[in-house]
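Only one structure is covered here, and it is reproduced in the block below.
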Amino acid sequence: MASCEARWVGDAEKAQALLSAIDADDPGMFTAEIANLDDGQVELIVGVTADNIATLQSTMDDLLACLAAAEASLDAIQG
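Terminal number for the sequence shown in my numbering: 160, no gaps in between.
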């Protein structure tokens, strides 16, 4: 069994948009939550657990690519 976690810190609205970008993916392959931080920001936490490292890497690569594309789009829109 292999597991990995990715964490992103920022504002709640952007975190929700990023979460929405990966929600359409297979939700059984990962967990995701938004946690409030003391400084008014939030942390998006995405966790993946897989039977082997190859599957873990593939799933995390897909999720990170979706998150990166969504973040770039949001940055372009917000200017």
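Backbone N, C-alpha and C fix where the C-beta goes; we use that ideal spot for every residue, glycine too. These numbers were taken from a predicted model, which means no experiment stands behind them.
Query: Residues sharing a beta bridge with A150, DSSP; Result: A150 is not bridged to any residue.
Query: T112 - partner residues in DSSP beta bridges; Result: G128
Query: Coil, strand or helix - A96 by DSSP; Result: helix
Query: Selection from Q122, G128, L118 that minimises the alpha carbon distance to G109; Result: G128
Query: Closest Cα partner of A96 within the set D132, V123, D104; Result: V123
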